[in-house]
Structure formats: C-alpha cells, structure tokens
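Participant:
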Amino acid sequence: MELKELYKEIILDHGKNPRNFGKCTNYNVDAKGHNPLCGDKVHIYAKVDKEKKVIDLSFEGEGCAISLASASILTDVVKGKEYSLAERIISDFLMMIKKNDKMKTNSLDEDQVTTMMSLSGVKEFPMRVKCATMAWHTLSEALKGKNE
Amino acid sequence: MELKELYKEIILDHGKNPRNFGKCTNYNVDAKGHNPLCGDKVHIYAKVDKEKKVIDLSFEGEGCAISLASASILTDVVKGKEYSLAERIISDFLMMIKKNDKMKTNSLDEDQVTTMMSLSGVKEFPMRVKCATMAWHTLSEALKGKNE
Amino acid sequence: MKINEIRNNFPIFKTKINGKKLVYLDSANSSQKPKTVIDRMTYFYENEYSNIGRSVHSLAVTATNKFEETRDMVQKFINAKHREEIIFTKGATESINLVANSFGEKFIDEGDEIILTELEHHSNYVPWHYLRKKRKANIKFVKLDENLQINVDEVKKLISNKTKIIALTHLSNVTGGITPLKEIIDLAKTKNIPVLVDGTQGAPHLKLDMLDLDCDFYAISCHKLYGPNGLGVLYGKKKWLDQFDPYQGGGGMIDEVKKNNITYAETPTKFEAGTMQTAEVVAFGESIKLLEKIGLKRIKDHEDKVLNYGLEMLSKDNSINLVGTPKNKASVISFTLKGIHPHDIATILDDDGVAIRAGHHCCQILHDKIGVPATARASIGIYNDKEDIDILINAIGKCKKLFS
Amino acid sequence: MKINEIRNNFPIFKTKINGKKLVYLDSANSSQKPKTVIDRMTYFYENEYSNIGRSVHSLAVTATNKFEETRDMVQKFINAKHREEIIFTKGATESINLVANSFGEKFIDEGDEIILTELEHHSNYVPWHYLRKKRKANIKFVKLDENLQINVDEVKKLISNKTKIIALTHLSNVTGGITPLKEIIDLAKTKNIPVLVDGTQGAPHLKLDMLDLDCDFYAISCHKLYGPNGLGVLYGKKKWLDQFDPYQGGGGMIDEVKKNNITYAETPTKFEAGTMQTAEVVAFGESIKLLEKIGLKRIKDHEDKVLNYGLEMLSKDNSINLVGTPKNKASVISFTLKGIHPHDIATILDDDGVAIRAGHHCCQILHDKIGVPATARASIGIYNDKEDIDILINAIGKCKKLFS
Ligand SMILES: Cc1ncc(COP(=O)(O)O)c(C=O)c1O
Ligand SMILES: Cc1ncc(COP(=O)(O)O)c(C=O)c1O
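Protein chains in written order, with numbering that gives the first Met the number 0: chain A, 0 to 147; chain B, 0 to 147; chain C, 0 to 403; chain D, 0 to 403.
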C-alpha cells in the first residue's frame, strides 16, 4: 500500500477545495449519507428537471479528505447529465472501486475519467472504501427515488 | 485418585441398604436439599423434643451411592443426640471433608467415627463432594431453624 | 483425510487420564478442538490481534476482513441466502435468548401461545419462560411418542390461532433423536407460524441447508462444532431480523446517538454490540474448513457406524436400559444401569479414562417424563471409533462388578 | 520484571507493519496479549479442554476448578467481599446490559430518573436508553466542566427523589479523565442511590478496591486488561445480585425446571447461562498474574511518564488541539490537527506502523458537545515507551507535510 497512491495531488486538492460545496439554488432533490463508524456525513442537493436531467448538483458534508474529494468529484462529473447516464457513471465508478475495473468513458472527457480514476487507490485501503463511495451511493439512492 | 478409596465396602453397603430410610413417625422437623446440577435430592425428617434433642431421624431421597450412604450414615450417627452435639458432629464432618481434618470423637463410639471417616475419600473427587455433604448441610439448616 | 487419521488432529488425545488413554464420549457437552483451530487462534493473538470494525490501522483492517470472511464461510456452510443473516453470539443459549427477547417484544402478547417440546434443553425453554411471565403468554409442550421422539401429528394438535412461534430441537442431546423438521416447518408455513430450530446438536452431525429447511431461526454453538468456546451463531431470516429491535446495546451497533434518541445500524451489525470474540470467530473458520474437508456425509457415516456398534453392544446387556429409541438418530446414547446411579457410573468410568456425562443434561422436563432424575450419556464425535466403545463396555462391566 | 522488558512478553511486537516496527497506541480499543495468556489458552485447549460444572469426569473437574480459581483471583484483584459477586460475561457491554436489564425490571418505573454523564461510551448509554423506552423513564446527563471532566457538583444538581441509579465511567476513553468516584459515590450513598461504574478503561490503569470504592456495580472488559477477547466481568454487590432476576436463560443457571414454573440457582450461577468461555476465563488468570507481578502502581507510574511525555510533545505543536484537559488523567490522549481529518491522520500514521484510532470512539454525545464529529486518539498500555511517542510525533509531522 503506497500512501501516495491514496493521497494523490488531485485528491488533496479536491479535499481542500471541494467543488460545488453548499446548497445549490432551487434544489428539488436531496439525500443524506452517514457512516456511523466514523461519523462522516454527506448531504447531496440536486436540481432535476422533468426531462430527468441533473441540472445542478452540490453537497455539504463533514469528513476526511477522501470523502470530501469523492463528493466533490462526483458533483463535478455528474452535473448536467441525464439520469440514465448519471446512473451508468455511478455504477462504473463503484465497480472500479470494488473490482479494479477500468472506468468506461461514457461520453465523459478524458480529464473527468482521470479525476475519477484518481480515487482508485482506495482499493488498497479497505477501511477507507466507504469514504470514497458514500456520496455516490447517496446520489444513486436519491435518483432512484425520483426515477420510479 | 483411587476408586476404592471412594467406594469402600461400608459405603457401598450403606448405599445399597440405607438405614433410617422413610419418614420417621411423628416427625416435627423436616428439610429438603437439592443439587440442581445432578438432580440429587434429600428430604430429612426429625423428631425433636423440648429438651432440644433429636429423638428420631430419617430421610428419603434419590441420588448416587455416595449421597445415599452419606445420608444413611448421618441419620445413624446423629439420632439420639442433643442439638449442640449434633451440630458439633456435623461441623466436624464437614471440616473433615473440606480440610482433611481428623474427626473428633465427640463422645461417639469408635465405630461411628470410622464410618464417618469412610466418606473422607470423596475429597479426591471434587465433583462428588456435594454428594457427600448435602444431607449434612440440610440437617444443619433444619436444626438452625429450630434453635433460634 | 482418512477417518482414522482425524483423531491425530486433536492434541487432547495425547493427554492421559488416570494413566489411561482418553476415551472422550462427551462431545454433546462440548467437543474437543483440532490443532488447526487452536493454532489459528494462537497465530491471531500473536501476529494479527486487534479489535475489529473501528480502527483504520493495518491490524484492524486485517482483523475485520478475517472476521467477516468467517461470516461468509458460515453463510456457505449452512446455505443461508444472505450474509447478513449470520449473527455471531456467545453461544446457542444467547442466540435463543436474542430471538425470544426481540421476537417476544414485538410479536407476543397476553394469551399468545409458544409451542415447545418435551425434548427441549433448558436453553430452549427458560428464555420462553421469561416471555411467559413478562407477557402472560402460554407455553405448550409437544408430547413425545413412546420412542421419546417428536411427531408432526402431536405438533399439529397444539397449533391454534394463538400460536405465535414454534421452537424445537433439531437433534436431542439426550436421545439423539432427529426431529422431522421438514414436515413440521411445512405445517407451520401453512399457518404462517415461524419456527426456531435449536441446532446446537444438529449442526455437528447433520448437513445444514437453510434455504431448503426454510426455518426462520437456527441456533448454533461453535464449541460443539469443534470450534472455540464462547462463540455461537444465530441464523435468522432477514425479514425477521430487519424488524427486530436490537438485543444488547453498546458500541458498534448504533447509527446515530443523540441525547434524546438513538437509531441503530442494520443487521447483522445491530445485533453485535461491543467488542466481539474476534480470535474465536477467525479460528472458527478452521472448524468449518475441517468439516468441509472431511465432508459431512462421511462424518455422519463414520459416526453412525460407531453409534450403531455402541447401541448393539449396550443392547446385549439387559441390566442396561436405553433412554429413548428413536428410529432416526445420531451420535447420542443415554442409558441407565440397574441399581447403579449415573453419577457413580461416570466416576467409575473416569477411572478408566472414559469421559461420559451423568445428570439430567439440562432436560429436566424429559427426565420428569421418564421418571428418573438422571441418566448416563455417551456421545460420539468425529474422533471416536469402535475401540472407544469397547473400552466403554469394559468399564461398565467394572461398575457392575464393584456394585455387585 | 523490568518495565522495559514487559514488551518482550507480547509476541505481536515481532510483527512488522508496512515494514516498520509496530507502535501500538490503540490499547484503549483493545490491548495486546502477553505470551503467558496466549500459551495458557493453547495449553488448555490442547491438554485440559472440557465444559465446566456439568460432567464429573477428570477433564471437567480440572476445567471447573481452574475456572473457579480465576473467579477467586478476580475477587482478590478487585478486592470484592464475596466471590459470588464476580460474574463472568461477554464483555463490559454485556455486564452493563445485564444490570440495566435486571435492575431496570425490578426498580425502574415510569418517570424514574437515570443519571449518566456526557462522557459515557455508548455501552453505558444504549442499555439505559432501552429502559427509557420500555419503562418511560428519563435520562439526565451530567454536564462536563470546561476540561471535559465530571464534577461532583454537577452530579449533585441532577439528583432528585426520582433518581434510581447513577451510571458513569471510571476513566474516559476519549479524554483519559479520571472521575472523582469516591466523592460521587459518597454523595449517592447519602441518598441511597446505587452507582454503576463503567470500569472498562479504569481497570487496566488504576488499582481497584471494591470494598473501599463502595460502588454497587463495576463493569470490566478482559480484552482491555491484556486478557482474551470475548470475556468480561461484572462485579455487583451481593445484596443486589440476590434480588435480581436472572438475565439470559439456559443451562446451568436453574434450580428446578417444571412445565409450569422454573426456579433459579444462586448468584453467580444464575447469571452464567449456557456454556461459558472456559478457556478465556482460565487464561485471564494469567493476565491478573502479570499485572500483579509488575504491580499496578509501577504500571501507572510508567504509563504516566509516557503519557506526560506525549502531552508535552503534542502541546508544543500549536496546530494540535488536545480534546479535554482533565487534571487527573491516565493513558489516553485525543486530539485534532488543524485542517486534517482524523481518518486521514490514522491512515497516514499507519504507513509508519503507528496504530491509533480515529472516530467518535463510541462517544457521540461528547463529540456533539465539542462540535467535532471525530478525533484522533493515542492510548498507552504497559508496553509503550517514549520512543513510541517520538515515532508518533514524527509521523504527525509527515501528515502535516503531506497536507501542506
Ligand atoms: C469506556 C468504555 N466503556 C465500555 C466499553 C465497551 O467495552 P466492550 O466493547 O469490551 O464491551 C468500552 C470499550 O470500547 C469503553 O472504552
Ligand atoms: C440441545 C441443546 N440446546 C442448547 C444447548 C446450549 O448450548 P450452549 O451451552 O453452548 O449455549 C445445548 C448444549 O448444552 C444443547 O445440547
């Protein structure tokens, strides 16, 4: 386990300066995630339209660098996407973390894929996997609720 | 641990043909003992008079050879004795079993002392100590109730 | 592994008892431990020890992973649908107490009925007695047939629209009788009555398949399964466990704790309060490995051979009375000997290195029924063989001589 | 035994973590085990294993004797009046659940008050929360002073004529603060209110004397006392235990079992249902022997030196914030580091072989109070020394560099 694989520049940067932090204006979907073992919390806010598109996306939360970076990256990548694409991106991300899979591009630009891939180091730190996935699970639940 | 130290002739005899078995006539004190671990039971019956003497003494019970022999020997030895002497005999017996003490004669005849001593082998069989002492404890409790 | 080599895996058999070879016929009480289990525990304490689930340092990570691996192994071993259906407890006793408590709190009201059998161990009666007292519920006991066996018809007779749960043993620790569980569970299903199986004696001898058996709860003691003591398993269907309130409260089982309220984690976590028996859980994985390596079918076949030989030999002696003669049985033989109390038998047998148990075996209801306060019990594990039976028979002969 | 030789008794320190020496600063979570304890367990399983109290064969006799010897040792170790006041449980969590359950059933009614403190571990809150819900009782939390310490005056303020029990920790697992128990217990005595002490963290560091302390209940986890996991002790005054109904029901704790009623054994037996953790109990005797051999005073002196050195070194760095500054404290240092989350600290420290814990340490009420969801905690055991602190400080430096 190489520590630098976990704490990459890009993660430290997202952790220190999380993107899309706060409540986005006129959000109409929100959901909370919580890890009772360590107290990490995330609250996701999304503005979705009738065409099932995530127009705006943001989060608030407390947690370690990994969990903040992960939520930050999530909001960055999923904002502006349609539900179905958002769900594919989320599920690809979770598969990558769990099963060492390569990320599919899913019409994301290369930069975004690289950013998501930067969280892959967490695989070697099993106790930290939840930090990296909590926000993604939370958004997935929230969209599922809307999608039915 | 020598098995023959435990199952002496005299014990086998008392176990097979317990003395004073049944309810003695006109008993006015009785008390029950019970070992929940093995199910052994003893029920002591005594006829005592105003002079605090155990005029008659008998028992009923279910149990192993050791516990039957022990109750049988108890009734044999204590019958006819005054409370105070009975208590001394019981406490001497219990000390002998627990602490390897020699039995005092306590104005008992030598035969009776030998008979009581025959139960001393039980010391080497800790799980069987309760079998050898239950009846004695039970009578002691019963007399205590009367003595106050 | 050859059957006659199994014994070599158990270090205890090097121990001499009163100078004699140990003939251990008390596995229904607790089984001996193979070297792999003991060594795994030692290795864990010497190299890997840590508390699980709470710290993020390397030792804790390893410990947590190994702990959860055993949960997966147990799930596979008993063929449960979900890993969350496996809860680690202190023993079968705690497993049953947990269900009686959490099921009772939610589903048992005044006048409701709990069906047990006359064959139950105190562990599968006392916790229900608590409920009877707390909730003013009633307990009905299924009557045994003349072979001291549980019979589906007798269960049927007791079922009413007030029956809330049926709790019964898989394999009797006195008669060795195997309960016709499938029939009883099928019957219960038609009335929507959940069934708890006390599998303490079943698990070491019978192949388990929760999906097939379809019981609602199954309780196991690991120390009778060649595993460490102080550990048990409760299998429970997720649909029940999800509804249950937690049992013991403490660290690790919470979701959020505030001054005015507390919410709880999901199953199985909500039932595993406080520091768990990590070393024991990890080592129990080795018990499962051993059993699977030998194969449960081969174990049963082997034990049946020894059992039947034992039954044959004991039956020859008409001063011996066998307690219960169920047709379908395993491992356990209880008996009485004319004129000799079981405690005396046990002490005298011990002199020859033969370890059996004497008493009511925590089945006082059954002993009341048969009208004897105590019986002698020889029970067979994977390490026993016919020679053990020969030594037993010989030692019984000595008893009779001493008392003749 | 020289203090700097103690470490050699713990095999785990041969283990390398990420290629580095193990610096184990997580003893408040669970302590490591000395070789004598591990070996005793192994020896027991390999040579003496049997279930206790039930069989009369030689193995069972030995096991029972050794088991009960440990009870005597615990009695002496904590200076309890009667050996019957020592009950073996699964851990401090079960010990507290037992009291909350059995005391609550008998003595807590609607509107009654239970006094806890803001410092309590979830183990000493969740069981009382159950009672609050079941019995419609109220829980009041003693407010901590500015050092996050429990203060007798604040306890006094909460006592009313509805107060039925006070339950509080001996030593905080977050701040290391030592509760002024004598004063609080004296106060409670004047009002006839029983006091339960959560001694999980107290027992490993402080000399215990139940006769002197005069609390009503004291809960211990053996795995934090250099003993096996899965084992705990409940000390309870006989006058209470005699009045209590039993907790879990099962084998071994009964007096007589009939179809319509059950009576129970005396204490401690009535609280020890089912097969106990025999190997663990026997091996725990070795923990006590070790602690007594070294001497609790010397242990405290040694740990205090390491603790004070740690506090001094950490205080030099003003990006570090110490959580709680009780005057009277032992073993535990919790802290936060500006701009770096405790989980990140723990992961980064682990890379240097330093094992600490990050989180709310099962004290969410306390963390709510101080307004941070998680802290980092280094806790000191008998095997730690100043070099461990140096390595810790160095590793914290690395954290800061990585995040700078
Ligand atoms: C203060 C305190 N109380 C109670 C407990 C619970 O102990 P256990 O998990 O061993 O039951 C702990 C340990 O986590 C503790 O630190
Ligand atoms: C049939 C049966 N049920 C329950 C138990 C209780 O198991 P444990 O003591 O391991 O909790 C036993 C073992 O004594 C048993 O034989």
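Each residue gets a CB set at the ideal place from its N, CA and C atoms; glycine is no exception.
In the DSSP assignment, what residue or residues form a beta bridge with D/Arg376?
Facilitator: On the fourth sequence, residue 376 of chain D is found 377 positions in, with the first residue counted as 1. According to DSSP, which records beta bridges pairwise, D/Arg376 is partnered with D/Ser333, D/Arg356.
Participant: Quick one: give me the first and last residue of the beta strand (DSSP E) that B/Phe58 is part of.
Facilitator: Here residue 58 of chain B refers to the residue found at position 59 of the second sequence. Where B/Phe58 is concerned, the enclosing beta strand (DSSP E) stretches over 53-61.
Participant: By DSSP's criteria, A/His42 is part of a beta bridge. Which residues make up the other side?
Facilitator: The count along the first sequence starts at 1 and reaches residue 42 of chain A at position 43. Paired residue(s): A/Lys31, A/Glu59.
Participant: Taking Cβ-Cβ distances below 9 Å as the criterion, which residues of the segment 30-52 of chain B are in contact with chain D?
Facilitator: Flagged, chain order: His33, Pro35, Leu36, Cys37.
Participant: Could you work out which residue in A/Glu59, A/His33, A/Asn34, A/Lys7 is closest to A/Cys23 when comparing CA atoms only?
Facilitator: Within the first sequence, residue 23 of chain A is the residue found at index 24, counting from 1. Of the candidates A/Glu59, A/His33, A/Asn34, A/Lys7, the one whose C-alpha sits nearest the C-alpha of A/Cys23 is A/Glu59.
Participant: Rounded to whole angstroms, what is the Cα-Cα separation between C/Gly358 and C/Gly198?
Facilitator: Numbered from its first residue, the third sequence carries residue 358 of chain C at position 359. Numbered from its first residue, the third sequence carries residue 198 of chain C at position 199. So the alpha carbons of these two residues sit roughly 21 Å apart.
Participant: Under 8 Å, do D/Tyr308 and D/Ser30 count as touching if we go by C-beta distance?
Facilitator: Residue numbering aside, residue 308 of chain D sits at position 309 when the fourth sequence is read from its first letter. Residue numbering aside, residue 30 of chain D sits at position 31 when the fourth sequence is read from its first letter. In this structure, D/Ser30 does not lie closer than 8 Å to D/Tyr308 by Cβ.
Participant: What are the residues of the segment 112-134 of chain A that lie near chain C, defined by any Cβ-Cβ distance shorter than 9 Å?
Facilitator: The segment 112-134 of chain A vs chain C, Cβ under 9 Å: Phe124, Pro125, Met126, Arg127.
Participant: Which whole runs of the alpha helix (DSSP H) in the segment 136-190 of chain D are 4 residues long or more, in chain order?
Facilitator: For the segment 136-190 of chain D, whole alpha helix (DSSP H) runs of length 4 or above, ordered along the chain, are 151-157, 180-189.
Participant: Closer than 7 Å to a non-hydrogen atom of ligand 1 - does that hold for the CB of D/Asn123?
Facilitator: The sequence position of residue 123 of chain D within the fourth sequence is 124, counting from 1. Yes - ligand 1 has a heavy atom lying nearer than 7 Å to the Cβ of D/Asn123.
Participant: Sort B/Lys97, B/Lys143, B/Glu140, B/Met133 by Cα distance to B/Gly62 and report the nearest one.
Facilitator: Position 63 of the second sequence, counted from the first residue, corresponds to residue 62 of chain B. The candidate whose alpha carbon is nearest that of B/Gly62 is B/Met133.
Participant: On the criterion of 16 or more Cβ atoms from any shown chain inside 10 Å, does C/Ser378 qualify as buried, or is it exposed?
Facilitator: Residue numbering aside, residue 378 of chain C sits at position 379 when the third sequence is read from its first letter. That one is buried.
Participant: Can a CB atom of chain D be found closer than 8 Å to the CB of A/Leu107?
Facilitator: Along the first sequence, one-based indexing puts residue 107 of chain A at 108. Taking Cβ atoms only, chain D never reaches closer than 8 Å to A/Leu107, which makes this a no.
Participant: Between D/Gly273 and C/Glu93, which are expected to be in contact by the criterion C-beta below 8 Å, what is the C-beta distance as a whole number of angstroms?
Facilitator: Your numbering for residue 273 of chain D matches position 274 in the fourth sequence. Your numbering for residue 93 of chain C matches position 94 in the third sequence. About 7 Å separates the two Cβ atoms, so the contact holds.
Participant: Taking 8 Å as the CB-CB cut-off, is B/Leu73 touching chain C?
Facilitator: Numbered from its first residue, the second sequence carries residue 73 of chain B at position 74. For B/Leu73, the answer is no, since every Cβ of chain C falls outside 8 Å of its Cβ.
Participant: Evaluate the contact criterion for the segment 45-58 of chain D versus the segment 377-391 of chain D: three or more CB pairs, one atom per stretch, below 8 Å.
Facilitator: Because the criterion of three Cβ pairs below 8 Å is not met, the segment 45-58 of chain D and the segment 377-391 of chain D do not touch.
Participant: What does a CB cutoff of less than 6 Å around B/Ile54 pick up in its chain, not counting 5 residues either side in sequence?
Facilitator: Locating residue 54 of chain B in the second sequence gives position 55, counting from the first residue. Once the five neighbours on either side are set aside, the close Cβ partners of B/Ile54 are Lys46, Asp48.
Participant: Please list the partners that A/Cys70 has in chain D, where partner means a Cβ-to-Cβ separation under 7 Å.
Facilitator: By one-based count along the first sequence, residue 70 of chain A stands at place 71. According to the sequence displayed, residue 70 of chain A carries Ala and not Cys. The contacting residues do not exist; A/Ala70 stays about 13 Å from chain D at best.
Participant: Does any heavy atom of ligand 2 sit closer than 7 Å to the C-beta of C/Asp197?
Facilitator: As a position in the third sequence, residue 197 of chain C is number 198, starting the count at 1. C/Asp197: yes, Cβ under 7 Å from ligand 2.
Participant: Could you give the first and the last residue of the continuous beta strand (DSSP E) run that contains C/Asp254?
Facilitator: Indexing the third sequence from 1 puts residue 254 of chain C at position 255. Start and end: 253-256.
Participant: Just the Cα atoms here: how many angstroms apart are C/Glu4 and C/Lys32?
Facilitator: On the third sequence, residue 4 of chain C is found 5 positions in, with the first residue counted as 1. On the third sequence, residue 32 of chain C is found 33 positions in, with the first residue counted as 1. Going by the C-alpha atoms only, they are around 15 Å apart.
Participant: On the DSSP bridge assignment, give the partners of C/Val22 in chain order.
Facilitator: Counted from its first residue, the third sequence places residue 22 of chain C at position 23. C/Val22 is bridged to C/Val353.
Participant: Relative to ligand 2, is the shortest distance from any of its heavy atoms to the C-beta of D/His56 smaller than 7 Å?
Facilitator: Looking up residue 56 of chain D in the fourth sequence gives position 57. No, Cβ of D/His56 sits at least 7 Å from all heavy atoms of ligand 2.
Participant: Between the C-alpha atoms of D/Lys258 and C/Val125, what's the straight-line distance to the nearest angstrom?
Facilitator: In the fourth sequence, counting from the first residue as 1, residue 258 of chain D sits at position 259. In the third sequence, counting from the first residue as 1, residue 125 of chain C sits at position 126. So the two alpha carbons sit approximately 10 Å from each other.
Participant: Mind checking C/Asp208: buried by the 16 CB within 10 Å criterion, or exposed?
Facilitator: In the third sequence, residue 208 of chain C corresponds to position 209, counting from 1. C/Asp208 is exposed by the Cβ-count criterion.
Participant: Where does C/Asp367 sit, in a helix, a strand or coil, going by DSSP?
Facilitator: Locating residue 367 of chain C in the third sequence gives position 368, counting from the first residue. In the structure shown, C/Asp367 sits in a helix (DSSP, three-state: H, G or I).
Participant: Apart from the five residues on each side of it in sequence, which residues of its chain come closer than 8 Å, Cβ to Cβ, to D/Ala354?
Facilitator: Residue mapping note: residue 354 of chain D aligns to position 355 of the fourth sequence, counting from 1. So the qualifying residues of the chain are Ile16, Leu21, Val22, Tyr23, Leu24, Asp25, Leu348.
Participant: Using alpha carbons as the reference points, say which of C/Arg134, C/Tyr234, C/His128 lies closest to C/Gly110.
Facilitator: Here residue 110 of chain C is taken as the residue at index 111 of the third sequence, counted from 1. If we check each option's Cα against that of C/Gly110, C/Arg134 comes out closest.
Participant: Can C/Thr69 and C/Gly294 be called in contact, C-beta distance under 8 Å?
Facilitator: What you label residue 69 of chain C is simply residue 70 of the third sequence in a count that begins at 1. What you label residue 294 of chain C is simply residue 295 of the third sequence in a count that begins at 1. It is not a contact, given that the beta carbons lie outside the stated cut-off.
Participant: If you drop the 5 nearest sequence neighbours on each side, which residues of the same chain put their C-beta closer than 6 Å to that of D/Asn100?
Facilitator: Translated into the one-based positions of the fourth sequence, residue 100 of chain D becomes position 101. Hits under 6 Å: Tyr246.
Participant: Give me whichever residues DSSP pairs with C/Phe87 in a beta bridge.
Facilitator: Locating residue 87 of chain C in the third sequence gives position 88, where the first residue counts as 1. Looking at the DSSP assignment, C/Phe87 forms a beta bridge with C/Val232.
Participant: Alpha carbon to alpha carbon, how far is C/Thr88 from D/Gln200?
Facilitator: Residue 88 of chain C sits at position 89 when you count from the first residue of the third sequence. Residue 200 of chain D sits at position 201 when you count from the first residue of the fourth sequence. Between C/Thr88 and D/Gln200, the C-alpha separation is close to 24 Å.
Participant: Could you check what DSSP says for D/Asn78 in three-state terms: helix, strand or coil?
Facilitator: Start at 1 with the first residue of the fourth sequence, and residue 78 of chain D comes out as number 79. In the structure shown, D/Asn78 sits in coil (DSSP, three-state: anything other than H, G, I, E or B).
Participant: Does DSSP put C/Ser220 in a helix, a strand or coil?
Facilitator: Translated into positions along the third sequence, residue 220 of chain C becomes position 221. Looking at C/Ser220 - three-state DSSP - the assignment turns out to be strand.
Participant: With DSSP as the reference, label D/Lys328 as helix, strand or coil.
Facilitator: Walking along the fourth sequence from the start, residue 328 of chain D turns up at place 329. Reduced to three states, the DSSP call for D/Lys328 is strand.
Participant: Touch check for the segment 94-111 of chain A and the segment 358-374 of chain D: three-plus C-beta pairs under 8 Å?
Facilitator: Touching, no, given that fewer than three Cβ pairs across the two stretches are closer than 8 Å.
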